[in-house]
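Inspection log for the structure reproduced underneath, given as structure tokens.
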Amino acid sequence: MRILLTNDDGIHAPGLSVLESIARELSDDIWIAAPEVEQSGQSRSITLTQPVRTREVREKCWAVMGTPTDCVLLAVHDLMPEKPDLILSGVNRGQNIAEDTSLSGTIAGAMFGMHLGVPSIALSQAQSFRERGSLPWETSKSWGAKVIKPLIEKGWPDDVVMNINFPDREPEDVAGIEVTRQGFRDEQIIHTERREDLRGNDYFWIGFKGRLSRPPEGTDLRAIYEGRISVTPLHVDLTHNRYLETLKAEWKQ
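Structure, rendered in structure tokens:
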């Protein structure tokens with residue numbers, strides 16, 4: 049099995065090393081194309097207004113001066129001799145759950161793999177739930193292949209991306225694996241902070257507040273809050289099907 053690895057945290061991110069360890073439990077044919085610099089929050093952006101340069105880091109491994117989508121596109125079309133059998137994106141530094149999934153470059157790398165006809169999985173390691181700065185990479189490293197292998201054996205639809213999140217717990221404290229749906233927080237956690245530089249000009253930092261919501265059972269949010277690994281099938285169709293029927297009926301009136 050030929051596996052392509054990518055991420056949005058960059059070629060030197062610790063999560064990419066963790067992902068390579070996971071992948072080598074599945075295959076010895078591993079290829080890597082990851083951003084030269086961090087691309088967190090880039091979602092599905094693709095570089096169209098300037099050239100995209102690549103740098104060969106070592107055999108079968110490239111740093112790409114672009115987004116996760118650029119990485120997957122170039123790897124599949126140009127850098128690899130043959131199309132991969134599987135794409136793994138991550139392991140992201142921080143959870144990608146609920147509405148985070150629409151912002152995530154990690155999810156985007158997997159989404160574009162699916163778009164190119166390759167089964168794709170996004171993996172993320174939750175952080176800072178126990179205390180500020182807690183980030184148990186050993187959890188995703190220990191559990192990654194155990195979660196991925198059954199998925200590969202069972203398979204999944206061509207228009208689905210699998211989104212795996214590991215909780216902020218030590219490997220032995222993980223409370224199990226749960227198949228979940230995407231949740232949605234009941235309050236906004238993105239915030240901005242205005243600052244002033246030494247020349248008296250305003251600038252802003254955009255970030256996230258570490259605030260818990262009250263998610264229902266069965267969601268990725270609840271699973272991560274309660275220490276379980278969350279496995280969520282995602283797809284790119286953003287249609288709100290329930291309201292679609294209502295809108296159709298109203299349109300005819």
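First residue of the sequence shown: 49, per this note's numbering; consecutive thereafter. No residue lacks a Cβ here, since even glycine has one placed at the ideal position from N, Cα and C.
Next on the checklist: Taking 7 Å as the threshold (beta carbon to beta carbon), is ARG92 in contact with chain B?
Outcome noted: Given the protein chain composition of this structure (a single chain), no chain B is represented.
### Task
Indicate whether THR95 and ASP118 have their beta-carbon atoms separated by less than 7 Å.
Taking C-beta atoms as the reference points, THR95 and ASP118 count as a pair closer than 7 Å.
Notebook entry, point to check: Tell me, which residues are paired with CYS109 by DSSP?
Noted result: Answer is ILE80, ARG106.
- Item | Nearest neighbour of ARG92, chosen from ASN211, PRO263, ALA156, ILE277 [CA to CA] | ALA156
Worksheet item: Measuring CB to CB, does THR228 end up less than 7 Å from THR154?
Response: Judged by beta-carbon spacing, THR154 lies beyond the 7 Å limit of THR228, meaning their Cβ atoms are not closer than that value.
Task: Simplified DSSP state of SER1, which is helix, strand or coil - done: The structure shown does not extend to residue 1, since the chain spans only 49 to 301, so no value can be given for it.
_Please identify the residue among LYS202, ARG103, LYS131 whose C-alpha is closest to the C-alpha of LEU52._
LYS131
Could you tell me which residues DSSP puts in a beta bridge with THR115?
-> THR115 is not bridged to any residue.
Original post:
Count the other CB atoms within 10 Å of the CB of THR97; is the residue buried (16 or more) or exposed (fewer)?
Top reply: Exposed.
task: Mind the definition here: the segment 130-147 touches the segment 162-178 only if three or more C-beta pairs lie below 8 Å; say whether that holds.
output: yes
Note to self: Pairs of beta-carbons, one from the segment 181-201 and one from the segment 260-273, closer than 8 Å: are there three or more?
What the structure shows: no
Between which two residues does the alpha helix (DSSP H) containing GLU186 stretch? 185-202
- Enumerated in chain order, which unbroken segments of the alpha helix (DSSP H) with a length of 4 residues or greater are wholly contained in the segment 211-282? 268-273
| Shortest alpha-carbon distance to GLY138 belongs to which of LEU286, GLU265, ASN249, ALA81? | ALA81
Quick check on DSSP: helix, strand or coil for ILE169?
strand
* Asked: Which stretch, first to last residue, makes up the alpha helix (DSSP H) that contains ARG290?
  -> 289-300
Between the segment 209-219 and the segment 239-251, do three or more beta carbon pairs fall short of 8 Å?
no
Can the beta-carbon of GLY89 be found less than 7 Å from the beta-carbon of LEU151? Against a cut-off of 7 Å, the Cβ pair of LEU151 and GLY89 comes out as a contact.
> Below 7 Å between beta carbons: does that hold for VAL120 and GLY181?
Replying inline: no
Skipping 5 residues on each side, what residues in its chain have a beta carbon closer than 6 Å to that of ASP101?
The sequence shown places Arg at residue 101, rather than the Asp named in the question. Hits under 6 Å: MET113.
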